[in-house]
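Please read the structure below before turning to the comments.
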Amino acid sequence: MNIKKNLKWAILLTGWGRNARDIIEAFNQGQLKRSDISLLIYQEEPCGAKELAEQYGIETLKVVRADFENAIAYQALLTTEIKKRDIDYIFMLNYKYIIQKDMLLAFPNRIINIHPSLFPSFLATKTAIQDALDFGVKVTGITTHIIDENIDEGVILAQKAIRVKDNDTFDTLYPKFAKHGKKIILKTITIIENMQLTL
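Following full-length UniProt numbering, the numbering of the sequence shown begins with 1 at its first residue and continues without gaps.
This is the structure we're talking about:
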């Protein structure tokens, strides 16, 4: 019988890491059935995800974009460090930089992103939630996808619709994204696990 090993995931983030903390907590509680969170790469401190990862024995690595001459050099180091650890998939959870071609080629179809809109709406923006409010849509949501060379495109893995009420503001709408973020990330990881089982 061919027993497949658990998938090894790296989390890539540049912020405090609310989504990353949720997934690290889920991993620690045994909610990931065929995946391990093996590495957290972060940039800023304080970083809540980094603190929790270290508490649970997950390796952390601080890499600061400003320490590098350009994005290519910065992501070349990321690629080297991730490959060194035999990582299967990368999940971008609040990661603000565009993945360059060399890193895409190093991990083909293995870098996952989460975006706060329902594709194909409000793409290539860092203010998708506010953009949805400004546009006056009645439904927005969250999308996870495999990234490709086009910003906020690629294969959609999961989506969750979020209804926008007439009196919603950013402050009332954002918690709805926070509420559903953990669920859709876990669902996405399960989808990847199931894809691997069929290979």
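Every residue gets a Cβ at the ideal spot worked out from N, C-alpha and C, and that includes glycine.
When beta bridges are read from the DSSP output, Asp36 appears opposite Lys8. Along the length of the stretch 83-121, whole beta strand (DSSP E) runs at least 3 residues long occupy 89-92, 111-115, reported in chain order.
Under the three-pair Cβ rule at 8 Å, the stretch 35-42 counts as touching the stretch 5-25.
Excluding its 5 nearest sequence neighbours in each direction, Gly154 has C-beta neighbours in its own chain below 6 Å: His145, Ile146, Ile147, Asp148, listed in chain order. Measuring C-alpha to C-alpha distances from Thr188 to each of Ala178, Lys126, Gln159 identifies Gln159 as the nearest.
Taking C-beta atoms under 8 Å as the contact rule, Leu173 and Gly141 fail to qualify, at a distance of about 11 Å.
According to the DSSP secondary-structure assignment, Tyr174 is paired through a beta bridge with no residue. Burial of Ile184 is indicated by the presence of at least 16 other C-beta atoms within 10 angstroms of its C-beta.
When the alpha-carbon of Glu81 is set against those of Ala10, Leu104, Ala161, the nearest one is in Ala10.
In the DSSP assignment, Arg21 falls within the unbroken alpha helix (DSSP H) covering 18-28. Burial of Pro116 is indicated by the presence of at least 16 other C-beta atoms within 10 angstroms of its C-beta.
In the structure shown, Lys62 falls within a strand segment according to DSSP collapsed to helix, strand and coil. A residue is called buried when at least 16 other Cβ atoms come within 10 angstroms of its Cβ; Gly17 meets this threshold and is buried. Around the CB of Phe170, fewer than 16 other CB atoms lie within 10 Å, so the residue is classed as exposed.
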